[in-house]
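Residue numbers (our numbering): 561 to 1623. Just so it is clear, CB atoms sit at the ideal spot from N, CA and C, and this is done for glycine as well. Owing to the predicted nature of the structure, the values given are computational and were not obtained by experimental measurement. In what follows, a structure is listed as structure tokens, so that the remarks can point back to it.
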């Protein structure tokens, strides 16, 4: 290593022990620097193959001198005016940083951080305006300087400030913006550095500054931001895009706004756009050094070879030098050497030192391939890093075939990249490296496993705050790998232990309980194994009621108020409407809705007000989740008194006794009184032209009725009620309503009650003669019919109302079928029923039955249902049996209605078997009781058949039946209740005892019995019963049956109700 100082060889060992060189390196260490050590230094490293050069550095001593020693200076400023404190900082290198501070008489200091006080780049402190608080009674304003390298500061230039009061109010003490310190109109900034543009103005009130670039207002960003409370603009780091015209506009509402424009140019120290790289190559190869740089002004590029300009280097015909590149062809070992690229302009330089190393080495695998495992569908890289000179050629081989093209790519580094891996790619891979000096190879295995798949992805979710949100996620992976599923929120793992509201269940679902608006975000399901991972995302939006609006204004007018407000956030569910509520001093604890459907686009609304009231208002925002909390209430709006704007509503006249008239109305609330001394004035008279109005005043506004006694029964009256206060009567003309005095009990019953025509099972037409109007003694509302049956008596009486005063006939459809029905009737008015008519009776024919009380179905095997029902409570005649229907049910669709054959003709039957069904099928089963009048009302249930299986061994009994034409008959009785799984139907095989051939009956589907006819009398038969279910059948134990007599009747030991399969 050797050093040059100020362009001359620097023999540092000739100095004393203050200067030393680090072992094994060229670095110089200067202890206890002196003034003689100042200068320009540069290091050169040299060996037999070349010379490398360092950057040139300048060593200078850091200094910070002291302020001039002067006494504190007392200054005077006028309140409200701009002011300047001047600092004379000491000399130093680098240039000292200057700032101002406050120092009390004890020497304690504190910094100045005030929007009215600004430090300019020259160290002066500017007051935008002086206030009385700026007076320094017990402290000094002091200027201070610091040196970054010396880590010290010095204080000087202390001032005492006396503030002269203006004597006027704040509104009188105003000053328009005054220029204090401005950056030059033409400024230069260096790329990558920081620049601060100043625009300091004084004035009262404190001026506001707006910055613009090329006429467009600047929005602060991470790189461009305001400083000094907007009085400067900081750009860091500077880029070429920051060139332009910057304008500051300053105003404070006094006088005209002031502006200042600054034209900013950006220049740049040279910097590389393409840097030269170190080159290692073998003999006969070629190398290329490239060097490109830019800057403002445009830099000049110079090549250096072994510490000297390339022009001074020994000539090399194989070396081609241009402005931005050097190419050396057909390398030899002697071409090894150092090259440098230096780019220089007037602002500085950039330099990089590289070399070319010419080698001759056989291939060496420095990083052999390793055994790899991956999953299908991914991209895998098999590593193979080699070194050699010339650069070895690399090829990859598998199963003795070179891998080239398609999904296989040998990278520049020598690695093998396999894209979209499949299971056939598993196996051994070999990396071959060779050059003219030799070859080498290394192998490794690749294992391919099944990739992880998310089979159930989470779905986007919207939920109201407080509810639970659940995301589902399921994945599958290779069975040899360990699968884990984690949940992330906004790309961060959810810690369910520390966040108990987040619960991951055993099926990997994520539940979030008691959701809040802050839970909104993107939730990711991460399915991960040792080799791969798969993610699926879903968005959770937690919606809450809006935040309470804020009232921005209340304008009170004579008869209305204009309310203005501002929404404060919808909490992720758009505001649909607003509600304005009010209360008054009459009902201070009760809020009424002035308007509940104000458009979400409105932010002000006019509300009418009643006279003589104190109103306050509030606003509520509503979204689909619900209403917000109310806004704070408004200021009070007070209205002046006036006459009432309306009269009482719902005025009515009705009697409560046959001798009185009661006039009633709806009480008017205080908000409608409009002035003090509110009362009602009631007018009434008989509805006869010659009668005069009678007037009654009701002074208590809470009273809503007037009772007038000693009036004739059911007489017509005209009535009106007027609202009055101390200002006067309501200007609204009151409505005249018609009322009646009280009603009395009618005195006459309808006559000639008869039946017209023949009644049906439930219907008969009645006829009668009307009563005289005078006998009603009130308003004839209609007639009431009372009916009962002989069986129920009058305790079971039912009443039927026939409205309408002019009716003399009615069809009644509520009679009881197949019964003796009794009927009587009477008139009724608004308060009383009249006397009853004579009672008549008639008989109704049979009707259709009502529904059965219950129906149950129990599967028998795979193709039958055992039905059991309860007879109808209302047979409406003599039952003749039952009809059973069924339909196939497929989801929400029902098939055609099919009827069971044969019909059930036994009216006492309560069970039947429904056979011939399909296995594992759902059926709708209907049952209707029948009489001579037809089928009754329908009752249905749904039940499914089971899958078929082999029945248990069946049991049966038998009995002989009287002979016909000399032949014997036997009845076989299957006993399904004696086995757990009986099957769905049966058939019987029989033969004469010891006879080789058997006969077989037809299958019996609908019954548990069948008769075998035409048997020889006096013989013994061997009979076997087969229980059948689908394709399965099971034989019973054979029984010997003798046909010589009536035969024994074998009684079953169980019945259906206690059978295990039935239960």
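- Task: With DSSP collapsed to three states, give me the class of residue 1092.
- Result: Here residue 1092 is taken as the residue at index 532 of the chain shown, counted from 1. Residue state, collapsed to three classes: coil.
- Query: What first and last residue would you give for the alpha helix (DSSP H) that runs through residue 1336?
  - Reply: Walking along the chain shown from the start, residue 1336 turns up at place 776. Looking at the DSSP string, the run of the alpha helix (DSSP H) that includes residue 1336 is 1333-1336.
- Message: Going by DSSP in three states, residue 986 sits in which element: helix, strand or coil?
- Response: Counting from 1 along the chain shown, the entry for residue 986 is found at position 426. Residue 986 falls in the coil class under three-state DSSP.
- Could you name the residues of the same chain whose beta carbon sits closer than 6 Å to that of residue 880, not counting the 5 residues immediately before and after it, in chain order? Here residue 880 refers to the residue found at position 320 of the chain shown. Taken in chain order, the residues that qualify are 887.
- Tell me whether residue 1009 sits in a helix, a strand or coil according to DSSP, three-state version. Here residue 1009 refers to the residue found at position 449 when the chain shown is read from its first residue. In the three-state reduction of the DSSP assignment, residue 1009 falls in the strand class.
- Query: Any idea what DSSP makes of residue 568, helix, strand or coil?
  - Reply: Numbered from 1 along the chain shown, position 8 holds the residue referred to as residue 568. Residue 568 carries a strand assignment under DSSP once its states are collapsed to helix, strand and coil.
- Item | Neighbourhood of residue 1407 by C-beta, 8 Å cutoff - its chain only, sequence neighbours within 5 removed | Numbered from 1 along the chain shown, position 847 holds the residue referred to as residue 1407. Correct list, in chain order: 1320, 1321, 1322, 1377, 1378, 1436, 1437, 1491, 1493.
- Three-state class that DSSP yields for residue 689 in the structure shown: Along the chain shown, read from residue 1 onward, the residue named residue 689 stands at position 129. Coil at residue 689, not helix or strand.
- What does residue 956 pair with, by DSSP beta-bridge criteria? Here residue 956 refers to the residue found at position 396 when the chain shown is read from its first residue. DSSP, once it has assigned bridges, lists 991 as partnering residue 956.
- Item | For residue 1611, the three-state DSSP class (helix, strand or coil) | In the chain shown, the residue the question calls residue 1611 occupies position 1051. With a pLDDT of only 38 at residue 1611, under 50, the local geometry of the prediction cannot be trusted, and the value read off the model is given with reservation. DSSP, reduced to helix, strand and coil, places residue 1611 outside both helices and strands of the structure shown, so it counts as coil.
- Looking only at DSSP bridge pairs, what is residue 648 linked to? For this step, residue 648 is matched to residue 88 along the chain shown. Answer is none; residue 648 lacks a bridge partner.
- Item | Beta-ladder partner(s) of residue 661, from DSSP | If you number the chain shown from 1, residue 661 lands on position 101. According to DSSP, residue pairing for residue 661 in a beta bridge involves 671, 702.
- For the stretch 1082-1094 against the stretch 1165-1182, are there 3 or more C-beta pairs whose distance is under 8 Å? No, the stretch 1082-1094 does not touch the stretch 1165-1182.
- Under the assumption that residue 1053 contacts residue 1035 (Cβ atoms under 8 Å), give the Cβ distance between them as a whole number of angstroms. The count along the chain shown starts at 1 and reaches residue 1053 at position 493. The count along the chain shown starts at 1 and reaches residue 1035 at position 475. Contact doesn't hold; Cβ gap of about 17 Å is too wide.
- Exposure of residue 1609, with buried meaning 16 or more beta-carbon neighbours within 10 Å: In the chain shown, residue 1609 corresponds to position 1049, counting from 1. For residue 1609, the pLDDT reaches just 39, beneath the cut-off of 50, and the residue's location in the model is therefore unreliable, although a value from the coordinates is still provided. Counting every other CB atom within 10 Å of its CB across the protein chains shown gives residue 1609 a total below 16, marking it as exposed.
- Query: Expressed to the nearest angstrom, what Euclidean distance is found between the alpha-carbon atoms of residue 1126 and residue 1132?
  - Reply: The count along the chain shown starts at 1 and reaches residue 1126 at position 566. The count along the chain shown starts at 1 and reaches residue 1132 at position 572. CA-CA distance, residue 1126 to residue 1132, rounds to 17 Å.
- Per DSSP, what kind of secondary structure is residue 766 in: helix, strand or coil? Position 206 of the chain shown, counted from the start, is the residue given in the question as residue 766. In the three-state DSSP reduction, residue 766 falls in the coil class, being neither helix nor strand.
- Query: Would the stretch 1566-1580 and the stretch 1518-1533 be scored as touching if the rule is three or more Cβ pairs under 8 Å?
  - Reply: With the cut-off at 8 Å, the stretch 1566-1580 and the stretch 1518-1533 touch.
- Query: Got a sec, what are the start and stop residues for the beta strand (DSSP E) residue 901 sits in?
  - Reply: By 1-based counting over the chain shown, the position of residue 901 is 341. DSSP places residue 901 in the uninterrupted beta strand (DSSP E) bounded by 897-905.
- Coarse secondary structure for residue 1120, derived from DSSP in three states: Translated into the one-based positions of the chain shown, residue 1120 becomes position 560. Reduced to three states, the DSSP call for residue 1120 is strand.
- Query: Quick one, which of 1545, 1260, 1257 has its alpha-carbon nearest residue 1594's?
  - Reply: One-based indexing of the chain shown puts residue 1594 at position 1034. Comparing Cα positions, the closest option is 1545.
- Query: Who are the near neighbours of residue 1057 in its chain, counting only those whose CB is closer than 8 Å to its CB and skipping five residues on each side?
  - Reply: The residue labelled residue 1057 in the question sits at position 497 within the chain shown. Taking C-beta separations shorter than 8 Å and ignoring five residues to either side along the sequence, residue 1057 has no partners in its chain.
- Leaving out five residues on either side along the sequence, give the residues of the same chain with a beta carbon under 6 Å from the beta carbon of residue 1619. Residue 1619 sits at position 1059 when you count from the first residue of the chain shown. With a pLDDT of only 48 at residue 1619, under the threshold of 50, the placement of this residue in the model should not be trusted; the figure read from the coordinates follows. For residue 1619, where only same-chain residues beyond five positions count, the Cβ hits under 6 Å are 1537.
- Under a three-way DSSP split, which group does residue 1618 fall into? Here the question's residue 1618 lines up with position 1058 in the chain shown. Low confidence applies here, because residue 1618 scores a pLDDT of 48, under 50, leaving its location unreliable and the question unanswered by this model.
- Query: Cβ of residue 548 within 8 Å of Cβ of residue 914?
  - Reply: The structure shown has nothing for residue 548, since the chain only spans 561 to 1623.
- Residues near residue 971 in its chain [Cβ-Cβ closer than 8 Å; skip 5 each side]: Here the question's residue 971 lines up with position 411 in the chain shown. Counting only Cβ-Cβ distances below 8 Å, and skipping sequence neighbours, we find 941, 977.
- Query: Grouping DSSP H, G and I as helix and E and B as strand, with all else coil, what is residue 790?
  - Reply: By 1-based counting over the chain shown, the position of residue 790 is 230. Shown here, residue 790 sits in a helix according to DSSP, grouped into three states.
- May I have a chain-ordered list of the beta strand (DSSP E) segments no shorter than 3 residues that lie completely inside the stretch 899-948? Complete beta strand (DSSP E) runs here, min 3: 908-919, 921-927, 932-935, 940-942.
- Query: My guess is that residue 1114 and residue 1101 are in contact by the Cβ rule of under 8 Å, so how many angstroms apart are they, rounded?
  - Reply: In the chain shown, the residue the question calls residue 1114 occupies position 554. In the chain shown, the residue the question calls residue 1101 occupies position 541. Taking 8 Å as the upper bound for CB-CB distance, residue 1114 and residue 1101 are not in contact here, some 35 Å apart.
- Task: Pull up the CB-CB distance for residue 1497 and residue 1411, whole angstroms please, since I reckon it's below 8 Å.
- Result: Looking up residue 1497 in the chain shown gives position 937. Looking up residue 1411 in the chain shown gives position 851. Contact flag correct, Cβ pair sits at about 5 Å.
- residue 1534, buried or exposed, once every other Cβ within 10 Å from all chains shown has been counted against 16: Indexing the chain shown from 1 puts residue 1534 at position 974. Counting Cβ neighbours within 10 Å, residue 1534 comes out buried, since at least 16 surround it.
- Query: Taking the Cβ atom as the reference point for each residue, do residue 1364 and residue 1303 lie within a distance shorter than 8 Å?
  - Reply: The residue labelled residue 1364 in the question sits at position 804 within the chain shown. The residue labelled residue 1303 in the question sits at position 743 within the chain shown. Going by beta carbons, residue 1364 and residue 1303 fall outside the 8 Å limit.
- Item | Residue environment, residue 1621, which counts as buried when at least 16 other CB atoms sit within 10 Å | Taking the first residue of the chain shown as position 1, residue 1621 is located at position 1061. The pLDDT assigned to residue 1621 is 49, lower than 50, so where the model puts this residue is not dependable; a value taken from the coordinates is nonetheless given after this. Its Cβ being crowded by 16 or more others within 10 Å, residue 1621 is buried.
- Where residue 1455 and residue 1500 are concerned, what is the direct C-alpha to C-alpha distance, given to the nearest angstrom? Along the chain shown, one-based indexing puts residue 1455 at 895. Along the chain shown, one-based indexing puts residue 1500 at 940. Going from the Cα of residue 1455 to the Cα of residue 1500 covers about 14 Å.
- Item | Cβ distance (whole Å) where residue 610 is taken to contact residue 866 below 8 Å | Here the question's residue 610 lines up with position 50 in the chain shown. Here the question's residue 866 lines up with position 306 in the chain shown. Contact check for residue 610 and residue 866: beta-carbon distance about 5 Å, within the 8 Å limit, so the pair qualifies.
- Query: Nearest CA to the CA of residue 1339: which residue from 1315, 843, 1387?
  - Reply: Position 779 of the chain shown, counted from the start, is the residue given in the question as residue 1339. Nearest option by C-alpha distance: 1387.
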